[in-house]
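The sequence shown begins at 5 in the working numbering and counts up by one.
Heads up, the beta-carbon is just placed ideally off N, CA and C, and yes, glycines get one too.
To start, the structure itself, in C-alpha coordinates.
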Amino acid sequence: MRDYIPISKDALPEQFEVELADEIFVLEVRYNQTGDFFTIDLYDVTRNPIILGEKLVLNEPLWQDSIDSRLPAPSLVVLDESDKEKRITYDNFMVTTFLYIDDVALIEEAPTLGEDG
(Lines of atoms letter the chains of each structure in order from A; the text may use other names.)
(Lines give C-alpha, C1' and ligand atoms only; values in the text may rest on other atoms or scores of the structure.)
Protein backbone atom coordinates (compact mmCIF):
# COMPACT_ATOMS: atom_id res chain seq x y z
CA MET A 5 0.00 0.00 0.00
CA ARG A 6 1.34 3.41 -0.97
CA ASP A 7 1.62 6.30 1.45
CA TYR A 8 0.40 9.69 0.32
CA ILE A 9 1.70 13.11 1.26
CA PRO A 10 -1.01 15.16 2.97
CA ILE A 11 -1.34 18.64 1.47
CA SER A 12 -3.60 21.42 2.76
CA LYS A 13 -4.79 22.84 -0.55
CA ASP A 14 -6.68 25.61 1.26
CA ALA A 15 -3.36 26.84 2.72
CA LEU A 16 -1.34 27.05 -0.51
CA PRO A 17 1.38 27.86 -1.15
CA GLU A 18 2.54 25.34 1.44
CA GLN A 19 6.14 24.38 2.17
CA PHE A 20 7.09 21.37 4.27
CA GLU A 21 9.77 18.76 4.84
CA VAL A 22 9.28 15.17 3.77
CA GLU A 23 11.47 12.10 4.29
CA LEU A 24 11.98 10.02 1.17
CA ALA A 25 14.25 6.97 1.31
CA ASP A 26 15.92 8.16 4.54
CA GLU A 27 16.68 11.59 3.08
CA ILE A 28 14.96 14.87 3.94
CA PHE A 29 13.62 17.08 1.14
CA VAL A 30 11.57 20.26 1.17
CA LEU A 31 8.51 20.48 -1.05
CA GLU A 32 6.57 23.62 -1.84
CA VAL A 33 3.15 23.12 -3.41
CA ARG A 34 1.50 25.93 -5.35
CA TYR A 35 -1.82 26.30 -7.14
CA ASN A 36 -2.31 28.19 -10.42
CA GLN A 37 -5.89 29.40 -10.27
CA THR A 38 -5.96 30.65 -13.88
CA GLY A 39 -4.86 27.31 -15.32
CA ASP A 40 -6.39 25.14 -12.55
CA PHE A 41 -3.22 23.16 -11.92
CA PHE A 42 -0.73 22.51 -9.14
CA THR A 43 3.06 22.72 -9.19
CA ILE A 44 5.76 21.49 -6.85
CA ASP A 45 9.15 22.98 -6.08
CA LEU A 46 11.75 20.52 -4.79
CA TYR A 47 14.59 21.61 -2.51
CA ASP A 48 17.27 19.79 -0.58
CA VAL A 49 17.21 19.94 3.22
CA THR A 50 19.17 23.23 3.23
CA ARG A 51 16.63 24.82 0.85
CA ASN A 52 18.83 24.69 -2.24
CA PRO A 53 16.53 24.34 -5.27
CA ILE A 54 16.66 21.07 -7.17
CA ILE A 55 13.66 21.45 -9.52
CA LEU A 56 11.18 24.33 -9.52
CA GLY A 57 7.68 24.58 -10.96
CA GLU A 58 7.06 20.91 -11.79
CA LYS A 59 3.42 20.57 -12.88
CA LEU A 60 1.41 17.78 -11.28
CA VAL A 61 -0.06 15.53 -13.97
CA LEU A 62 -2.31 12.60 -13.12
CA ASN A 63 -0.50 9.22 -13.29
CA GLU A 64 2.80 10.85 -14.35
CA PRO A 65 5.76 10.54 -11.95
CA LEU A 66 7.25 13.88 -10.96
CA TRP A 67 10.62 14.75 -12.46
CA GLN A 68 10.53 11.78 -14.83
CA ASP A 69 12.19 13.81 -17.60
CA SER A 70 14.97 15.11 -15.34
CA ILE A 71 18.32 13.56 -14.66
CA ASP A 72 19.77 14.79 -11.39
CA SER A 73 21.52 12.72 -8.74
CA ARG A 74 19.86 14.86 -6.05
CA LEU A 75 16.34 13.67 -6.96
CA PRO A 76 14.58 11.48 -4.39
CA ALA A 77 14.85 7.73 -4.88
CA PRO A 78 11.14 6.87 -4.71
CA SER A 79 8.91 8.44 -7.33
CA LEU A 80 6.17 10.84 -6.37
CA VAL A 81 3.04 10.55 -8.47
CA VAL A 82 -0.53 11.84 -8.26
CA LEU A 83 -2.94 8.94 -8.58
CA ASP A 84 -6.67 8.44 -8.47
CA GLU A 85 -7.03 4.93 -7.13
CA SER A 86 -10.75 4.94 -7.97
CA ASP A 87 -9.75 5.57 -11.61
CA LYS A 88 -12.57 8.11 -12.10
CA GLU A 89 -10.64 11.32 -12.72
CA LYS A 90 -9.10 12.39 -16.02
CA ARG A 91 -6.97 15.23 -14.62
CA ILE A 92 -6.03 16.92 -11.35
CA THR A 93 -8.23 19.87 -10.41
CA TYR A 94 -8.65 21.98 -7.30
CA ASP A 95 -11.95 20.22 -6.62
CA ASN A 96 -10.55 16.68 -6.76
CA PHE A 97 -7.05 17.20 -5.34
CA MET A 98 -6.80 15.57 -1.89
CA VAL A 99 -10.36 14.24 -2.38
CA THR A 100 -9.95 11.58 -5.08
CA THR A 101 -6.45 12.46 -6.35
CA PHE A 102 -3.52 12.25 -3.95
CA LEU A 103 0.26 12.72 -4.15
CA TYR A 104 1.65 9.26 -3.44
CA ILE A 105 5.13 8.08 -2.58
CA ASP A 106 5.49 5.35 -5.16
CA ASP A 107 7.81 3.10 -3.18
CA VAL A 108 5.80 -0.08 -3.60
CA ALA A 109 8.23 -2.76 -4.67
CA LEU A 110 7.37 -4.13 -8.04
CA ILE A 111 7.48 -7.88 -7.93
CA GLU A 112 8.74 -9.22 -11.17
CA GLU A 113 7.98 -12.77 -11.99
CA ALA A 114 10.98 -14.86 -12.78
CA PRO A 115 10.95 -16.19 -16.30
CA THR A 116 9.76 -19.76 -16.52
CA LEU A 117 10.89 -22.37 -18.92
CA GLY A 118 8.16 -23.66 -21.15
CA GLU A 119 7.65 -27.37 -21.49
CA ASP A 120 9.01 -28.94 -24.61
CA GLY A 121 6.66 -30.63 -26.61
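Would you give the residue range spanned by the beta strand (DSSP E) that residue i belongs to?
i: Pro17; result: Segment: none, Pro17 is in no beta strand (DSSP E) and carries neither H nor E.
i: Asp45; result: 41 to 48
i: Phe102; result: 102 to 106
i: Glu58; result: 53 to 59
Using DSSP with H/G/I as helix, E/B as strand and the rest coil, what is residue i?
i: Pro10; result: coil
i: Tyr35; result: strand
i: Ser79; result: strand
i: Ile92; result: coil
i: Leu24; result: strand
i: Val99; result: coil
i: Leu66; result: coil
From this set, the options, which residue's C-alpha is nearest residue i's C-alpha?
i: Leu31; options: Val99, Phe41, Leu16; result: Leu16
i: Leu83; options: Asp95, Ser73, Pro65, Tyr94; result: Pro65
i: Leu24; options: Pro76, Tyr104, Phe102, Thr100; result: Pro76
i: Val33; options: Leu60, Tyr8, Asp7; result: Leu60
i: Ser86; options: Asp14, Asp40, Phe102, Val22; result: Phe102
i: Ile54; options: Asn63, Asn36, Ser73; result: Ser73
Note down, in chain order, each residue of its chain lying with its Cβ closer than 6 Å to the Cβ of residue i, except the 5 sequence neighbours on either side.
i: Gly57; result: Thr43
i: Val49; result: Ile28
i: Pro10; result: none
i: Asp107; result: Pro78
i: Asp26; result: none
CB-CB under 8 Å to residue i, same chain, minus the five flanking residues each way: which ones, in chain order?
i: Asn96; result: Asp84, Glu89
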